[in-house]
Amino acid sequence: EAGVAQSPRYKIIEKRQSVAFWCNPISGHATLYWYQQILGQGPKLLIQFQNNGVVDDSQLPKDRFSAERLKGVDSTLKIQPAKLEDSAVYLCASSLAGGGSTAFFGQGTRLTVV
Amino acid sequence: GQQLNQSPQSMFIQEGEDVSMNCTSSSIFNTWLWYKQDPGEGPVLLIALYKAGELTSNGRLTAQFGITRKDSFLNISASIPSDVGIYFCAGGHNRDDKIIFGKGTRLHILP
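Protein chains in written order, with our numbering: chain U, 391 to 504; chain B, 27 to 137.
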């Protein structure tokens, strides 16, 4: 079974530029998560989808971050404009919905904002 | 918001030693998860716990879901060099599938 796929693996941009990350979850997983992991810290949930609906986006900085999962499968996370403090690894994870779910992660996208 | 407290933050051990780390919360979780993260990779699921009091093993790893549902521990027996990495606990809720992570325990193995 294929795992969670993310691209790109690495991205370097200048501050105030925009960037987009893509995630394809494990087939059949209805729940998709985007986490931000700053160096030395644990993953912090940015947004959680169930199918194409948003379950929780309370920690998403909505003035600059946006995410969508239009067909309930793959998802994109966008940052516009980027700030230096957005430098982090952006992790996508997916799980079967329905309680007691365990999340499986992709390799992440390492973003460096200079 | 909810927080998970992991301890210790880091550990330095000799190869062959046993390791114990834990995770506590002020809130109840329905699921406890333990992940390992190697540099440059995403977290990899080691053990998932679904029931209070549950004790589950995966090779040299053993984890338990605390009776109060507010804590969990992970033990690694007879550590080997490839055990080096960061171990994260995570708590999950059945109601909304939200999963919250601790800050991690960094394991170092001395030569």
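Each residue gets a CB set at the ideal place from its N, CA and C atoms; glycine is no exception.
For this session: Pull up the DSSP beta-bridge partners for Val-479(U), would you.
Result: Gln-427(U) and Arg-500(U)
For this session: Consider the Cβ of Pro-137(B): report whether some Cβ of chain U lies at a distance smaller than 8 Å.
Result: no
Exercise. Taking buried to mean at least 16 other C-beta atoms within 10 Å of its own C-beta, is Pro-433(U) buried or exposed?
Worked result: Under this definition Pro-433(U) is a buried residue.
For this session: Quick one: using the 10 Å Cβ neighbour count with 16 as the cut-off for buried, is Leu-81(B) buried or exposed?
Result: exposed
Exercise. Looking only at DSSP bridge pairs, what is Phe-99(B) linked to?
Worked result: DSSP output for Phe-99(B) lists Asn-48(B) and Gln-90(B) as bridge partner(s).
For this session: Please name the residue, chosen from Ala-472(U), Val-503(U) and Asp-464(U), that lies closest to Gly-496(U) on a Cα-to-Cα basis.
Result: Asp-464(U)
For this session: Please confirm if Lys-9(B) has its CB atom under 8 Å from at least one CB of chain U.
Result: The question about residue 9(B) has no answer here: the residues shown for chain B are numbered 27 through 137.
Problem set entry | Residue(s) in a DSSP beta bridge with Asp-446(U) | Asp-446(U) is bridged to Gln-438(U).
Problem set entry | Beta carbon proximity, Asp-446(U) to chain B, threshold 8 Å | Residue contact check for Asp-446(U) against chain B: a CB pair falls below 8 Å.
For this session: Give the residues from the segment 79 to 101 of chain B that approach chain U closer than 7 Å (Cβ to any Cβ), ordered along the chain.
Result: none
Exercise. What do you get for Gln-63(B), buried or exposed, if any count of 16 or more other CB atoms within 10 angstroms of its CB means buried?
Worked result: buried
For this session: Report yes if the CB atom of Phe-99(B) is closer than 8 Å to the CB atom of Tyr-61(B), and no otherwise.
Result: no
Exercise. What does a CB cutoff of less than 6 Å around Tyr-400(U) pick up in its chain, not counting 5 residues either side in sequence?
Worked result: Arg-500
Exercise. Which residues, taken in chain order from the segment 397 to 428 of chain U, show a beta carbon closer than 8 Å to some beta carbon of chain B?
Worked result: Thr-421, Tyr-423 and Tyr-425
For this session: For Lys-401(U), write down the residues that DSSP places opposite it in a beta bridge.
Result: Its beta-bridge partners are Leu-501(U).
Exercise. Between the segment 32 to 49 of chain B and the segment 408 to 423 of chain U, do at least 3 Cβ pairs fall closer than 8 Å?
Worked result: Under the Cβ criterion (8 Å, minimum of three pairs), the segment 32 to 49 of chain B does not count as touching the segment 408 to 423 of chain U.
Exercise. Using DSSP with H/G/I as helix, E/B as strand and the rest coil, what is Ser-22(B)?
Worked result: An answer regarding residue 22(B) cannot be provided, because it is not within the stretch 27 to 137 covered by chain B.
Exercise. Per DSSP, which one or two residues make a beta bridge with Val-70(B)?
Worked result: Val-70(B) pairs with Lys-62(B).
Exercise. Among Leu-71(B), Pro-69(B) and Asn-84(B), which one has its Cα closest to the Cα of Ser-103(B)?
Worked result: Asn-84(B)
Problem set entry | Any 3 or more C-beta pairs closer than 8 Å across the segment 466 to 482 of chain U and the segment 435 to 455 of chain U | By the C-beta criterion, the segment 466 to 482 of chain U is judged to be in contact with the segment 435 to 455 of chain U, since at least 3 inter-stretch pairs fall below 8 Å.
Exercise. Quick one: what's got a C-beta closer than 8 Å to Tyr-76(B)'s C-beta in the same chain, skipping five residues either side?
Worked result: Asn-56, Thr-57 and Phe-91
Problem set entry | Cys-381(U) versus Arg-406(U): straight-line alpha-carbon distance, rounded | Nothing about residue 381(U) can be read from this structure; chain U reaches only from 391 to 504.
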